[in-house]
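> Below you'll find the structure I mean.
Number of protein chains: 2
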Amino acid sequence: MAQKTDLSRLNCSLAGALGIVGDWWSLLIVRDALLGARRFAEFQKSLGLARNILADRLKRLAADGVLSREGPERRPVYKLTEKGLALAPALIALMQWGDRWVAGDRPPVMVTDRDGRPVDAVGLARDSRPLTPRDLRFAPGVGADPETRMFLAAMSSRVEER
Amino acid sequence: MAQKTDLSRLNCSLAGALGIVGDWWSLLIVRDALLGARRFAEFQKSLGLARNILADRLKRLAADGVLSREGPERRPVYKLTEKGLALAPALIALMQWGDRWVAGDRPPVMVTDRDGRPVDAVGLARDSRPLTPRDLRFAPGVGADPETRMFLAAMSSRVEER
DNA sequence: CTGTATCCTTAAAGATACTG
DNA sequence: CAGTATCTTTAAGGATACAG
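Okay, structure coming up:
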């Protein structure tokens, strides 16, 4: 969509993440891979997207190191890399949000451990003590540019009213 | 982008979530709101997107109950609702993934508690015991349709090889 | 300041035919 | 089976002018 805007200029790791999995299909492909999908046809059938789009996304995700492409050239198998697996917490958190706020507490998919026991709600913590979103504060990190510092400084004064 | 595909047909809470915050700007707007942004001009300056796009996104996020629009008609203030605040774990998780895998451990923004101490990495757990992504399993939930059940059944046999 | 209204560009998505 | 190659459509996004 006329997206010439380069999100990377935003000096924000969220924007960086969205640059890789921020389109409408990539995260769903990662989801399917997490569920066990391996082959082109499996993703295609599950998601119902056009073949050329799927081919493009698989290529990009592999180029970005999220998926690996293994096996025979003619019939390859896609697997999540460590980088791709590391998306699981974010992905599950988003799924849980959808369960609660979109699906009305009627989850289509239940996420469990190896023994079939439901996982906890993904939450925020500091030294393992739970934190609410209102407890959050933000400060410039080592990668902050001057603009980010300005913005955070301007915002910090009123974060309390949240 | 020629997106006629209705993600909601996917019977998946992740798709449902992406239907609301799955475009390139919405999550970044939520991020800014979490950081303390309140006004139209603040979002616009921070993100640098076109005014009409921002207006559209704010409208949609408000319609979806993620933001509330308060105060004077002429100079309203946007705040996160509970539903919007509930996105924080997913948003922070994605930001942390970007910190680690995109920004190369040079986070532009540091997330802390009220006392300025960094929050924990958002992770998966079951009864407060940490879980790795490879520990995850999936089963049909109460909202699963027949197609989802079929897919999960087909995938479950090989989730072990992950 | 906070939008709305237009116009324009472009890239994303879909459909489909073809190939090794 | 797993793509590639084309072609077309359309909606997202940008720019800008205008308005309350």
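Top to bottom, those sequences are chains A and B. Take 1 as the starting number for the first sequence in the working numbering and just add one per residue. Take 1001 as the starting number for the second sequence in the working numbering and just add one per residue. Even for Gly, the Cβ is constructed at its ideal location relative to N, Cα and C.
1. Please state if the CB of G16 (chain A) and the CB of A1103 (chain B) are separated by a distance shorter than 7 angstroms.
2. N52 (chain A) CB to nearest chain B CB: under 7 angstroms?
3. Could you list which residues in chain B have their beta carbon closer than 8 angstroms to that of P76 (chain A), in chain order?
4. Taking P1133 (chain B) and L85 (chain A) to be in contact with their CB atoms under 8 angstroms, please state how far apart those CB atoms are, rounded to whole angstroms.
5. Shorter than 7 angstroms from the beta carbon of T81 (chain A) to some beta carbon of chain B?
6. Can you round the beta-carbon distance between G1141 (chain B) and M95 (chain A) to whole angstroms, since I take them to be within the 8 angstroms contact cut?
7. Do the region 17-33 of chain A and the region 50-67 of chain A touch if we need at least three Cβ pairs shorter than 8 angstroms?
8. For P1072 (chain B), count the other beta carbons within 10 Å of its own beta carbon; 16 or more makes it buried, fewer makes it exposed. Which is it?
9. For a contact defined as C-beta to C-beta under 8 angstroms, what are the partners of R1069 (chain B) on chain A?
10. Would you kindly work out how many angstroms separate the C-alpha atoms of L1014 (chain B) and A55 (chain A), rounded to a whole number?
11. Within 10 Å of its beta-carbon, does D99 (chain A) have 16 or more other beta-carbons around it, so buried, or fewer, so exposed?
12. May I have the straight-line CA-CA distance separating E82 (chain A) from R1075 (chain B), to the nearest angstrom?
13. In whole angstroms, what is the alpha-carbon distance linking R1038 (chain B) and L87 (chain A)?
14. Less than 7 angstroms between CB atoms is the rule here; does S1046 (chain B) satisfy it with respect to chain A?
15. From the DSSP output, in three-state form, read off G1014 (chain B) for me.
16. Which two residues bound the contiguous beta strand (DSSP E) that contains S68 (chain A)?
17. Please look up how many angstroms separate the CB atoms of S46 (chain A) and F1138 (chain B), rounded, as I've assumed it's under 8 angstroms.
18. Could you work out which residues of chain B lie near F138 (chain A), taking near to mean beta carbons separated by less than 9 angstroms?
19. Could you check what DSSP says for T1112 (chain B) in three-state terms: helix, strand or coil?
20. Checking the sheet assignment: what are the DSSP bridge partners for R1129 (chain B)?
21. Beta-carbon separation of W25 (chain A) and R69 (chain A) under 7 angstroms?
22. If we count the other Cβ atoms within 10 Å of its Cβ and call it buried at 16 or more, is D1023 (chain B) buried or exposed?
23. Where D1145 (chain B) and R106 (chain A) are concerned, what is the direct C-alpha to C-alpha distance, given to the nearest angstrom?
24. Alpha carbon to alpha carbon, how far is V1066 (chain B) from G1019 (chain B)? Give it in angstroms, no decimals.
25. Could you name the residues of the region 85-105 of chain A whose beta carbon sits closer than 8 angstroms to any beta carbon of chain B, in the order they occur along the chain?
26. Could one say the Cβ of S1013 (chain B) lies closer than 7 angstroms to chain A's Cβ atoms, at least one of them?
27. Against L1058 (chain B), what residues of chain A qualify as contacts under a CB-to-CB distance less than 7 angstroms, listed in chain order?
28. Tell me the residue span of the alpha helix (DSSP H) that contains P89 (chain A).
29. Taking CB distances under 7 angstroms as the criterion, tell me whether W131 (chain A) reaches chain B.
30. Please report whether the beta-carbon of W1024 (chain B) lies at a distance below 7 angstroms from any beta-carbon of chain A.
On the basis of the data shown:
1. yes
2. no
3. Going along chain B, no residue has its Cβ under 8 angstroms from P76 (chain A), so there is no contact; the nearest lies around 15 angstroms.
4. 4 angstroms
5. no
6. Incorrect: roughly 10 angstroms between the Cβ atoms, too far for contact.
7. yes
8. exposed
9. None at all; the shortest Cβ gap to chain A is about 16 angstroms.
10. 21 angstroms
11. buried
12. 47 angstroms
13. 30 angstroms
14. yes
15. It is worth fixing the name first, because residue 1014 (chain B) is Leu in this sequence and not Gly. Helix, per DSSP.
16. L67 to E70
17. Contact doesn't hold; Cβ gap of about 13 angstroms is too wide.
18. L1034, L1035, G1036, V1109, M1110, V1111 and T1112
19. strand
20. B:R1126
21. no
22. buried
23. 11 angstroms
24. 13 angstroms
25. L85, A86, L87, A88, P89, A90, L91, I92, A93, L94, M95, Q96, W97, G98, D99, R100, W101, V102 and A103
26. yes
27. Correct list: empty, because the minimum Cβ distance to chain A is about 17 angstroms.
28. A88 to W101
29. Per the sequence shown, residue 131 (chain A) should be read as Leu rather than Trp. Judged by the 7 angstroms Cβ criterion, L131 (chain A) is in contact with chain B.
30. yes
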